[in-house]
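Have a look at the structure below, then the notes.
Protein chains: 2
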Amino acid sequence: MMARSPTTLDAFAAIAEPRRREILSALSRGLPVVEGGRDVTWLVEELGWPQPQVSKHLGVLREVGLVSVVRKGRRRMYSVNGEELKPVYEWVKKYERFWEQQLDRIKARAERMERERQ
Amino acid sequence: MMARSPTTLDAFAAIAEPRRREILSALSRGLPVVEGGRDVTWLVEELGWPQPQVSKHLGVLREVGLVSVVRKGRRRMYSVNGEELKPVYEWVKKYERFWEQQLDRIKARAERMERERQ
DNA sequence: TTGATATATTCCGATATCGGTATATATTTG
DNA sequence: CAAATATATACCGATATCGGAATATATCAA
Chain P
117 MMARSPTTLD AFAAIAEPRR REILSALSRG LPVVEGGRDV TWLVEELGWP
167 QPQVSKHLGV LREVGLVSVV RKGRRRMYSV NGEELKPVYE WVKKYERFWE
217 QQLDRIKARA ERMERERQ
Chain C
117 MMARSPTTLD AFAAIAEPRR REILSALSRG LPVVEGGRDV TWLVEELGWP
167 QPQVSKHLGV LREVGLVSVV RKGRRRMYSV NGEELKPVYE WVKKYERFWE
217 QQLDRIKARA ERMERERQ
């Protein structure tokens with residue numbers, strides 16, 4: 117019984133978690149990427165979550181390559197590594213026509229008629 | 117003990133599953149969106165998965181609003197509803213500079229090394 | 001060295017999620 | 001109505017995943 121597939125840990129899975137998106141957002145605001153980044157303590161204060169939780173989510177982001185780390189003494193400076201977000205961007209972009217076309221109205225009407233028919 | 121958060125079922129979570137991305141891909145290829153869409157049987161044949169699996173993933177996509185359904189007799193015609201992908205697009209787009217900048221940096225360094233080599 | 005600080009890791013319990021199989025529900029057709 | 005077709009749903013077992021608490025590891029400072 118094969119059960120669940122082994123969680124292909126990729127960028128898609130990583131950003132599915134709202135808190136990990138929050139981390140990326142926090143890391144990306146303000147600071148120029150050129151600097152070393154921001155350390156975990158800063159993130160903990162900024163987000164107000166328990167430190168292990170922050171570290172664990174950072175671990176996932178790290179494994180997937182969405183963040184980069186640089187050791188700085190006993191600190192670890194994290195920064196967003198956008199490279200890994202590009203595939204997500206490219207994927208979604210393929211569906212651009214689906215929201216740009218205004219066929220939505222046609223579809224919406226069809227659905228409305230459908231609902232009324234039930 | 118609060119345990120796991122209740123799986124905020126949104127577009128991000130929906131597209132985290134590779135098979136659901138496959139479904140969207142299958143639904144989006146070839147066919148103009150104007151038509152009613154494609155039915156489940158077509159998807160089952162196209163993907164080669166057991167029918168319940170297809171229906172269940174369609175159920176998730178439906179709940180999130182990533183696909184639209186229109187009943188056509190005993191068939192259900194599915195089509196991609198791009199509207200719900202827009203937030204994902206907008207979110208990733210915010211990080212565009214992170215991979216573009218990185219490419220710039222790589223390119224810049226390559227050029228610098230090239231100059232120094234001469 | 002000892003203690004403090006910064007961060008990661010481990011262990012645990014609860015729950016969500018996935019695939020598989022069987023079954024229910026609707027709709028058409030004979 | 002009965003049989004067939006199309007699709008959804010329910011149930012189950014395995015596993016992944018999350019949050020929480022405790023602990024390990026590394027580094028700095030006195």
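Residue numbers (the working numbering), protein chains in the order written: chain P, 117 to 234; chain C, 117 to 234.
For every residue, glycine included, the Cβ atom is placed at its ideal position computed from N, Cα and C.
- Cα atoms of Arg192 of chain P and Val185 of chain C: separation of roughly 49 Å, rounded to the nearest angstrom.
- Taking a C-beta distance under 9 Å as the contact criterion, Ser144 of chain C and Tyr211 of chain P qualify as a contact pair.
- In summary, Gly175 of chain C is exposed, with fewer than 16 beta-carbon neighbours lying within 10 Å of its beta-carbon over all protein chains present.
- Between Leu177 of chain P and Ala130 of chain P, the gap from beta carbon to beta carbon is short of 9 Å.
- With the criterion set as a beta carbon lying under 7 Å from some beta carbon of chain C, the stretch 168-180 of chain P has no members that meet it.
- At a cut-off of 9 Å between beta-carbon atoms, Glu216 of chain P makes contact with chain C.
- Secondary structure of Arg136 of chain P (DSSP, three-state): helix.
- Gln167 of chain P is positioned such that its CB atom lies closer than 9 Å to that of Val156 of chain P.
- Using beta-carbon distances, Arg137 of chain C counts as an interface residue toward chain P, with a partner under 9 Å.
- Note on geometry: alpha-carbon atoms of Pro203 of chain C and Glu199 of chain P lie some 20 Å from one another.
- Here Glu206 of chain P is not near Leu125 of chain P, since their CB atoms are 9 Å or more apart.
- Taken through DSSP and simplified to helix, strand or coil, Arg190 of chain C comes out as coil.
- Under the three-state reduction of DSSP, Arg145 of chain P is assigned to coil, being neither helix nor strand.
- Beta-bridge pairing by DSSP links Asp126 of chain P to no other residue.
- The C-beta distance from Ala132 of chain C to Phe214 of chain P rounds to 19 Å, too long to fall under 8 Å, and the pair is not in contact.
- Put simply, the CB of Val204 of chain P is near chain C, with a gap under 9 Å to one of its CB atoms.
- Annotation for Val170 of chain P: Ile139, Val156, Leu159, Val160, Leu163 place their beta carbon closer than 8 Å to its own, counting only its chain and skipping 5 residues before and after.
- Neighbours of Lys209 of chain P in chain C, taken as residues at a C-beta separation under 8 Å, are given in chain order as Tyr205.
- Going by C-alpha positions, Gln217 of chain P is about 11 Å away from Asn197 of chain C.
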